[in-house]
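Data first, discussion second: the structure below is written as structure tokens.
Number of protein chains: 2
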Amino acid sequence: MKAITKIEKCLAMALEAAEDPNCPPKLAGAVRHAVFPGGARIRPQLALAVAQACGMDDPRLSEGVAVAIELMHCASLVHDDLPCFDDAKTRRGRASVHFAYGEPLAVLTGDALIVLAFQTLAAAASQSPLRLPALMQIIASCVGMPSGIVAGQAWESESRVSLMQYQRAKTGALFVAATSAGALSAGADPKQWQALGDCLGEAYQIADDIRDVMGQADLLGKPVGQDAQHDRPNAIANLGLSGAIDHFESLIRTASESIPEGPNAQSMRALVMHESERLVPREACNAYRDNSTTESKLEQGNKSISN
Amino acid sequence: MKAITKIEKCLAMALEAAEDPNCPPKLAGAVRHAVFPGGARIRPQLALAVAQACGMDDPRLSEGVAVAIELMHCASLVHDDLPCFDDAKTRRGRASVHFAYGEPLAVLTGDALIVLAFQTLAAAASQSPLRLPALMQIIASCVGMPSGIVAGQAWESESRVSLMQYQRAKTGALFVAATSAGALSAGADPKQWQALGDCLGEAYQIADDIRDVMGQADLLGKPVGQDAQHDRPNAIANLGLSGAIDHFESLIRTASESIPEGPNAQSMRALVMHESERLVPREACNAYRDNSTTESKLEQGNKSISN
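Chains as they are written, first to last, in my numbering: chain B, 1 to 307; chain X, 1001 to 1307.
Structure (structure tokens):
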């Protein structure tokens, strides 16, 4: 079974709690709306790929980790879309949860998904219960305080923010959770896989900033220009578009080089390159570079004329 | 050390993550505001009392359970107070979190506290890791879907609600978590302690309804008349004030009788009676009954005159 098919199946199984006849029907609907249909499911795929590279001796636990991380991601999207944050009316090309179900159910959906993430992880740990405490520590620290995704979102309420600290927490942390917990779920040392998550997380955030400037809403499935609109710290403001593209490419190289040698290292590297292409197509980068070089030459030409 | 002192100390230790210099300062402040100073801390006290009655062979784990349950409770209060729910400006006699720190930080504070609850539990399980998966299941099911406190709050968004189902989920579930997880943290059978949590949870909710009608805002530390204002299902509307008081007293008796025999059964019963008195003072009930009997006699007298 392909990893993505497996992930969709495991997510559906995890959401069975929402199918219980005792569950308030609107909450059940809102939770399903938040999880299905999903986005690229890159975080759970990354967790499973790392687990696979580490031997995956307990597939159920690795799948539990993958599901837990995706549910945390979905929870964060639902809360980030709330009127008091982005007030986004669309997500993944259709109505955001609060737009479809109202604000109270959107708040509760996020809460229910965080709880369900931990619950799914606990249920998946029956074969290897001794790995559960450390797995929970990794996932909790990548979601909560002081520097998980919740803390990342909270930096938006501060007047002084370090771009690196903000992006590491808001986006990077869940990628670190995916690689570290993916490795640990297979009994491997999570520290060896932290750099991969770190680089991919930063690359993903920069890709998001790049697409927020270059992108089209229909391709992203969410509104563009959000960073500027919400005056959020972002890489483009610091590096310019060209600098951001350079930095993105350098992060992808570092990510690829950080992968520990092993029987599956090559396929992991291929996955990283594939994801890089999906995030920021090379063709678009080259086209932008050609344009900006031409513009720059024209500018220089104009300057020499005017001088 | 008295149980309440121990609980405050453990809560302060759990919140050390918020003291980390890398934590966004406003989030750290909002999380502390949500937890300190606390209310009566009845749920963690109940968890510790049950653990004690069951022998408490791993005090660190039992304290972890107590803290996790209190943090879940604090999270639910922060989210329930949000403008999209109760829009309560005060809580525990001072500003609610969203009123003091704004709505975005209140949403994130609730999220961070849910994560911290599970994280604290995981950290406390190092001596007895094999108890962790079942403890997480108990706590997660009492907080999330289909019938935990999050689901309880979600029933307020439905047009058809069973009062029993709503109250069991919204308030009762966390009392069941306190007694069941308290017992399991000491290696005892959680099922034997479920009835105690069930009865106390319902009693607590009814006491809240009674005080919402009879109470004064300065005594409750939050606005009164909220149920009527928000058109929420409540016991008074179903049973009348006198019927609600009778039901409260019957629940306390059943709770007391449900306590399994053992060396600490007597002190557990004393705790239940003490809590009952704190929730709905007997004197107030008797005064209400005397008044209503007099009124009823007068009414009968008036009727016989008018007839």
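Cβ atoms here follow ideal geometry from the backbone N, Cα and C, with glycine treated the same way.
The structure displayed is predicted, hence computed values, not measured ones.
- By the C-beta criterion, the segment 51-61 of chain B is judged not to be in contact with the segment 15-23 of chain B, since fewer than 3 inter-stretch pairs fall below 8 Å.
- For residue 22/B, at least one C-beta of chain X is nearer than 8 Å to its own C-beta.
- Residues of the segment 1066-1085 of chain X that bring their beta carbon within less than 7 Å of a beta carbon in chain B comprise 1079, 1082, 1084 and 1085, in sequence order.
- Nearest C-alpha to residue 1148/X among 1246/X, 1161/X, 1167/X and 1032/X: 1167/X.
- With a threshold of 8 Å between beta carbons, residue 1099/X makes no contact with chain B.
- Residue contact with chain X for residue 187/B: absent (no Cβ-Cβ distance below 8 Å to any residue of chain X).
- In this structure the segment 1187-1200 of chain X touches the segment 1167-1177 of chain X; the number of beta carbon pairs closer than 8 Å is three or more.
- Contact note: residue 1118/X reaches chain B through 118, 136 and 140, using a C-beta cutoff of 8 Å and chain order.
- When 30/B, 181/B, 108/B and 70/B are compared, the shortest CA-CA separation from residue 1144/X is found for 108/B.
- Between residue 1134/X and residue 1214/X, the CB-CB gap reaches or exceeds 8 Å.
- Taking the beta carbon of residue 1014/X as reference, no residue of chain B falls within 9 Å; the closest one sits roughly 11 Å away.
- Residue-level contact by beta carbon fails for residue 1035/X and chain B, as no gap is shorter than 8 Å.
- Two segments are said to touch when three or more pairs of C-beta atoms, one from each, lie closer than 8 Å; by this definition the segment 35-50 of chain B touches the segment 8-16 of chain B.
- Closest in alpha carbon position to residue 272/B, among 88/B, 254/B and 262/B, is 254/B.
- Residue 1080/X sits buried, since 16 or more C-beta atoms from the chains shown fall within 10 Å of its C-beta.
- Looking at 1032/X, 1028/X and 1040/X, the one whose alpha-carbon comes closest to that of residue 1003/X is 1040/X.
- Here DSSP, grouped into helix, strand and coil, assigns residue 1003/X to helix.
- Contact with chain B is found for residue 1018/X, since one of that chain's Cβ atoms lies less than 8 Å from the residue's Cβ.
- Counting only residues of its own chain and dropping the five nearest sequence neighbours on each side, residue 56/B has a CB closer than 6 Å to the CB of 62 and 186.
- One thing to note: residue 1106/X has its Cβ within 8 Å of the Cβ of residue 1082/X.
- Near chain B, meaning a CB-to-CB distance below 8 Å, the residues of the segment 1146-1165 of chain X are 1146, 1147, 1148, 1150, 1151, 1153, 1154, 1155, 1156, 1157, 1158 and 1165.
- Of the residues assessed, residue 191/B falls on the exposed side of the cut-off, its CB having fewer than 16 other CB atoms within 10 angstroms.
- Around the beta carbon of residue 274/B, a 10 Å sphere encloses fewer than 16 other beta carbons of the protein chains shown; the residue is thus reported as exposed.
- Pairing residue 1051/X with residue 1182/X gives a Cβ-Cβ distance under 8 Å.
- The beta-bridge partner set that DSSP reports for residue 255/B is empty.
- The beta carbons of residue 1071/X and residue 1130/X sit no closer together than 8 Å.
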